[in-house]
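Going by the working numbering, the residue at position 192 of the sequence shown is 199; the numbering climbs one at a time, nothing skipped.
Data block below; observations after.
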Amino acid sequence: MSVEQPKVCPNQAPDPSPERMPSHIGIIMDGNGRWAKERGMPRSAGHQAGVETIRTIIKECNRLGIRYVTFYAFSTENWKRSEQEVGFLMDLLVLYLRNEFQELSDNGVVIDHIGDIEGLPPVCQKELLDAYERTKNNTGVHMYLALNYGGQREIVDAARRIAWEAKNGRLNPEELDEKKFSTYLYAGDIPSPELIIRPSGELRLSNFLLYQAAYSEFWFSSIAWPDFTAQDLRRAIVDYQARDRRFGGVKS
Ligand code: FPP
Numbered sequence: 008m009s010v011e012q013p014k015v016c017p018n019q020a021p022d023p024s025p026e027r028m029p030s031h032i033g034i035i036m037d038g039n040g041r042w043a044k045e046r047g048m049p050r051s052a053g054h055q056a057g058v059e060t061i062r063t064i065i066k067e068c069n070r071l072g073i074r075y076v077t078f079y080a081f082s083t084e085n086w087k088r089s090e091q092e093v094g095f096l097m098d099l100l101v102l103y104l105r106n107e108f109q110e111l112s113d114n115g116v117v118i119d120h121i122g123d124i125e126g127l128p129p130v131c132q133k134e135l136l137d138a139y140e141r142t143k144n145n146t147g148v149h150m151y152l153a154l155n156y157g158g159q160r161e162i163v164d165a166a167r168r169i170a171w172e173a174k175n176g177r178l179n180p181e182e183l184d185e186k187k188f189s190t191y192l193y194a195g196d197i198p199s200p201e202l203i204i205r206p207s208g209e210l211r212l213s214n215f216l217l218y219q220a221a222y223s224e225f226w227f228s229s230i231a232w233p234d235f236t237a238q239d240l241r242r243a244i245v246d247y248q249a250r251d252r253r254f255g256g257v258k259s
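Okay, structure coming up:
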């Protein structure tokens, strides 16, 4: 006689507590190329699979009530890749925005971006601005695609704007503090990411949200981005919720 075993799925990750949900999650989508290589496929297939993961993760963020999620999609350093790969990523961005627009919008997602998008091909700029314009009043998760984005460049751009405002008498340098400075960053005055996730085994920030990451909690994993699931996201949030965040203070 066989005894029926309880159905336990080893991959099942519980829902995080709604109490300490991060308001902003940053994600460094890494490992697409290695994922493809392991399967004998071109790097482009890894990026394509990565788009599917974005779709899954956005849905899960929406379900969990996360307010902001920033996906690192193309850095200021990624121009060093082959012309073919860069071209593929730009085309993929346009396809992503066209193909996913309706579903994202129906789910209340705001489709936004950070980074120096003037450096992107005109068609990418147009699709990004258009997607934002058409979704800016949505009330679901606010998605930022970080494109031609570099944390150092973001800080330099902010400093340059501040310098001009001071020069033109619109800003008193004495009034500048950390909070005021952050309003000059690309996304302005949104909460800093409480949690930054980087899959694929690399343990670095790679110029992502340098100013905003001052007190972020990091969650690293060896899973490649195309294999990253909603359960992995929940696991990361549950781990985050168990962290002791002291912000330089001491526990009372
Ligand atoms: C890093 O993996 C990934 C990128 C530089 C691109 C990320 C892009 C996507 C997930 C898809 C395109 C995005 C949109 C919004 C359409 P890697 O290529 O460095 O992987 P590797 O380290 O294994 O080589």
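Here a beta-carbon is modelled for each residue, glycine too, at the ideal position from N, C-alpha and C.
Can you check which of these residues, the options, is closest to residue i by C-alpha distance?
{"i": "Gly208", "options": "Asn39, Pro29, Pro25", "result": "Asn39"}
{"i": "Ile7", "options": "Arg253, Leu202, Tyr156", "result": "For the chain, the structure presents residues 8 to 259; residue 7 sits outside this window and is missing."}
{"i": "Asn145", "options": "Gly115, Glu134, Pro128", "result": "Gly115"}
{"i": "Leu96", "options": "Leu154, Thr77, Thr63", "result": "Leu154"}
{"i": "Ala56", "options": "Glu26, Val76, Leu99", "result": "Leu99"}
{"i": "Val148", "options": "Asp196, Glu161, Phe81, Glu67", "result": "Glu67"}
{"i": "Ile244", "options": "Phe254, Val257, Ser223", "result": "Ser223"}
{"i": "Arg41", "options": "Tyr156, Ser51, Ile34, Ile32", "result": "Ser51"}
{"i": "Ile118", "options": "Gly53, Arg242, Ala194", "result": "Ala194"}
{"i": "Cys131", "options": "Met150, Ile64, Tyr103", "result": "Tyr103"}
{"i": "Phe81", "options": "Met28, Arg105, Tyr151", "result": "Tyr151"}
{"i": "Asp113", "options": "Lys143, Ser89, Glu125, Leu178", "result": "Lys143"}
{"i": "Pro21", "options": "Gly122, Arg253, Gly33, Asp246", "result": "Asp246"}
{"i": "Asn85", "options": "Arg70, Asn214, Thr236", "result": "Asn214"}
{"i": "Ile197", "options": "Ile61, Pro128, His31", "result": "His31"}
{"i": "Tyr156", "options": "Gly255, Ala166, Gly122, Asn175", "result": "Gly122"}
{"i": "Glu161", "options": "Asp251, Phe188, Arg27", "result": "Phe188"}
{"i": "Phe225", "options": "Ile204, Leu216, Ala237", "result": "Ile204"}
{"i": "Met28", "options": "Gln248, Gly94, Ile61", "result": "Gln248"}
{"i": "Pro128", "options": "Val101, Gln109, Asn106", "result": "Val101"}
{"i": "Lys44", "options": "Ala231, Asp251, Gln238, Leu240", "result": "Ala231"}
{"i": "Gly158", "options": "Glu181, Glu107, Thr77, Ala173", "result": "Thr77"}
{"i": "Ile61", "options": "Pro200, Glu90, Asp239", "result": "Asp239"}
Just list the residues that DSSP pairs residue i with in beta bridges.
{"i": "Ile121", "result": "Ala153"}
{"i": "Val76", "result": "Ile32, Met150"}
Provide the residue span of the alpha helix (DSSP H) that contains residue i, from first to last.
{"i": "Gly33", "result": "Segment 31 to 35 is the beta strand (DSSP E) holding Gly33; no alpha helix (DSSP H) there."}
{"i": "Val58", "result": "50 to 71"}
Identify whether residue i lies in helix, strand or coil by the three-state DSSP scheme.
{"i": "Arg205", "result": "strand"}
{"i": "Val93", "result": "helix"}
{"i": "Phe81", "result": "strand"}
{"i": "Asp98", "result": "helix"}
{"i": "Arg242", "result": "helix"}
{"i": "Arg41", "result": "helix"}
{"i": "Pro13", "result": "Bear in mind that a pLDDT of 40 at Pro13, under 50, signals an unreliable position, so the model cannot answer this."}
{"i": "Phe254", "result": "coil"}
{"i": "Leu111", "result": "helix"}
{"i": "Pro23", "result": "coil"}
{"i": "Asn106", "result": "helix"}
{"i": "Met8", "result": "Low confidence applies here, because Met8 scores a pLDDT of 38, under 50, leaving its location unreliable; read the following figure in that light. Met8: coil per DSSP, three-state reduction."}
{"i": "Asp234", "result": "helix"}
{"i": "Tyr247", "result": "helix"}
{"i": "Ala194", "result": "coil"}
Which first and last residues belong to the beta strand (DSSP E) in which residue i is found?
{"i": "Trp226", "result": "224 to 227"}
Secondary structure, beta strand (DSSP E): runs of 3+ residues fully inside the region 125 to 188: 149 to 156
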